[in-house]
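Undergrad:
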Amino acid sequence: MTNLYPDESYCTSEIGRILFYPKNEWSVTAKVVDVLEVKHLAGNHIDYKIEITCVPRNNIELDDRVFTLTSRFRELNRLHGNLSKLHKQLYLRGTFPQFALPRLLGKFEPEVINERRRSIDEFLTFVLDNEVLRKARVLQEWAEKAVEQAVPGQTATPSSFIYEGVNIIDAPIIQDENTDSSQVLIPEALPPRVSLS
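Residue 197 is where the sequence shown ends in full-length UniProt numbering, and the numbering goes up by one at each step.
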C-alpha cells in the first residue's frame with residue numbers, strides 16, 4: 001500500500017478531502033485546546049483534545065470549518081514517527097520537528113504535559129503546512145476520527161441593525177407577513193447634539 005493518497009477520491013472523511021486541497025485553497029491549523037485525564041480500571045492516561053481549523057482562502061462562499069478530536073500521546077508519537085520517516089524518505093524540505101520523549105513515570109506532571117502540548121502543536125503546524133504530508137495515508141487515517149463542530153452563525157434580522165444618526169429617509173422598509181407593509185424601521189431617537197462653539 002502506498003504512503004500517499006494519489007487523489008481526493010481515496011479520502012473517506014470531509015476533513016481528509018479538505019487536507020487534500022492545496023494550502024493556498026484551504027489553510028489548516030491545529031492546536032491542543034484541552035488536556036483530559038481519563039481514569040479507568042486498567043490505569044489512567046491523558047487525552048489531548050485537538051482543534052483543527054480549516055479556513056478557505058480563495059472562496060468567500062465557503063465558511064470556516066472546525067473539527068475536534070481527542071488523541072493519546074502514544075497515538076501522536078506513532079504518527080510523528082511515521083510522518084518523520086516519510087518526510088526523510090521523500091527528501092522533503094524543512095527540518096522535521098523533534099517530539100517530546102515518551103515517559104512511563106511522571107506523565108501526569110504539569111511540566112511534562114506542557115512540553116508534550118508544545119511539541120504536539122509544533123509537529124501539527126509543520127505537518128499541516130506541508131502539502132505532501134497532508135496527503136499521507138497515516139495522517140488521513142488519524143484525522144478520520146475528527147468530528148466537525150457547528151460554528152454558530154448569527155441570523156440577520158431588522159432589529160439586529162443599528163441605525164444611529166441617519167435620516168429617516170435612509171431607513172429600510174420592513175415587510176413582514178404579519179405586519180402592515182407601510183411600517184418603516186424608525187431609528188431610535190438621538191439626543192440633540194451639543195455644540196461646543
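Glycine included, each C-beta is placed from N, C-alpha and C at the ideal position.
In the DSSP output, which residue or residues are listed as bridge partners for residue 53?
TA: As a working note, residue 53 is residue 53 in the sequence shown. In the DSSP output, where bridge partners are listed per residue, residue 53 has 29, 66.
Undergrad: State the start and end residues of the unbroken beta strand (DSSP E) segment that holds residue 148.
TA: In the sequence shown, residue 148 corresponds to position 148, counting from 1. Unbroken beta strand (DSSP E) run through residue 148: 147-149.
Undergrad: Could you give the C-beta distance for residue 46 and residue 88, rounded to a whole number, given that I count them as a contact under 8 Å?
TA: Along the sequence shown, one-based indexing puts residue 46 at 46. Along the sequence shown, one-based indexing puts residue 88 at 88. Going by Cβ atoms, the distance from residue 46 to residue 88 rounds to 28 Å, so no, they are not a contact pair.
Undergrad: Determine the DSSP secondary structure at residue 109, reduced to helix, strand or coil.
TA: Here residue 109 refers to the residue found at position 109 of the sequence shown. Of the three classes helix, strand and coil, the one that applies to residue 109 here is coil, per DSSP.
Undergrad: For the alpha helix (DSSP H) that residue 138 lies in, which residues bound it at each end?
TA: One-based indexing of the sequence shown puts residue 138 at position 138. Counting along the chain, the alpha helix (DSSP H) containing residue 138 begins and ends at 137-143.
Undergrad: Note the first and the last residue of the continuous alpha helix (DSSP H) segment covering residue 14.
TA: As a first step, residue 14 must be located in the sequence shown, where it is residue number 14. First-last of the alpha helix (DSSP H) with residue 14: 14-20.
Undergrad: Measuring only the C-alpha atoms, how far is residue 137 from residue 4?
TA: By 1-based counting over the sequence shown, the position of residue 137 is 137. By 1-based counting over the sequence shown, the position of residue 4 is 4. Whole-angstrom Cα-Cα distance: 5 Å.
Undergrad: CA-CA distance, residue 26 and residue 41?
TA: Taking the first residue of the sequence shown as 1, we reach residue 26 at position 26. Taking the first residue of the sequence shown as 1, we reach residue 41 at position 41. Going from the Cα of residue 26 to the Cα of residue 41 covers about 42 Å.
Undergrad: Under 8 Å Cβ to Cβ from residue 44, same chain only, skipping five residues before and after it: list those, please.
TA: Here the question's residue 44 lines up with position 44 in the sequence shown. The answer, listed in chain order, is 37, 38, 108.
Undergrad: Considering only residues of the same chain and omitting the five flanking positions on each side of residue 116, which have a CB-CB separation below 7 Å?
TA: Start at 1 with the first residue of the sequence shown, and residue 116 comes out as number 116. Hits under 7 Å: 73, 100.
Undergrad: What whole-angstrom Cβ distance do residue 19 and residue 143 have, given they're in contact under 8 Å?
TA: The count along the sequence shown starts at 1 and reaches residue 19 at position 19. The count along the sequence shown starts at 1 and reaches residue 143 at position 143. The Cβ separation is near 6 Å, so the contact holds.
Undergrad: Let me know the secondary structure DSSP gives residue 132 once reduced to three states.
TA: Mapped onto the sequence shown, residue 132 falls at position 132. Correct three-state label for residue 132: coil.
Undergrad: Buried or exposed for residue 118, please, with buried defined as at least 16 other CB atoms from any protein chain shown within 10 angstroms of its CB.
TA: Stepping through the sequence shown from its first residue, residue 118 is reached at position 118. The residue in question, residue 118, is exposed, as its Cβ has fewer than 16 Cβ neighbours within 10 Å.
Undergrad: In chain order, what residues of the same chain lie with their CB nearer than 8 Å to the CB of residue 58, ignoring the 5 residues before and after it?
TA: Within the sequence shown, residue 58 is the residue found at index 58, counting from 1. Cβ within range, chain order: 24, 25.
Undergrad: Is the CB-CB distance between residue 84 and residue 96 below 9 Å?
TA: Position 84 of the sequence shown, counting from 1, holds the residue named residue 84. Position 96 of the sequence shown, counting from 1, holds the residue named residue 96. Going by C-beta atoms, residue 84 is nearer than 9 Å to residue 96.
Undergrad: Just to confirm the assignment, what range does the alpha helix (DSSP H) spanning residue 96 have?
TA: For the purposes of this step, residue 96 is taken as the residue at position 96 of the sequence shown. Neither: residue 96 is in no alpha helix (DSSP H) and is coded neither H nor E.
Undergrad: For residue 114, count the other beta carbons within 10 Å of its own beta carbon; 16 or more makes it buried, fewer makes it exposed. Which is it?
TA: Here residue 114 refers to the residue found at position 114 when the sequence shown is read from its first residue. Label assigned to residue 114: exposed.
Undergrad: Consult DSSP for residue 120 and reduce its assignment to one of helix, strand or coil.
TA: Along the sequence shown, read from residue 1 onward, the residue named residue 120 stands at position 120. Helix.
Undergrad: So what's residue 24 in DSSP terms, helix, strand or just coil?
TA: The sequence position of residue 24 within the sequence shown is 24, counting from 1. It is coil, neither helix nor strand.
Undergrad: Would you decide whether residue 134 is buried or exposed? Buried here means 16 or more other CB atoms lie within 10 Å of its CB.
TA: The residue given as residue 134 occupies position 134 in the sequence shown. It is buried - the Cβ of residue 134 has at least 16 other Cβ atoms within 10 Å.
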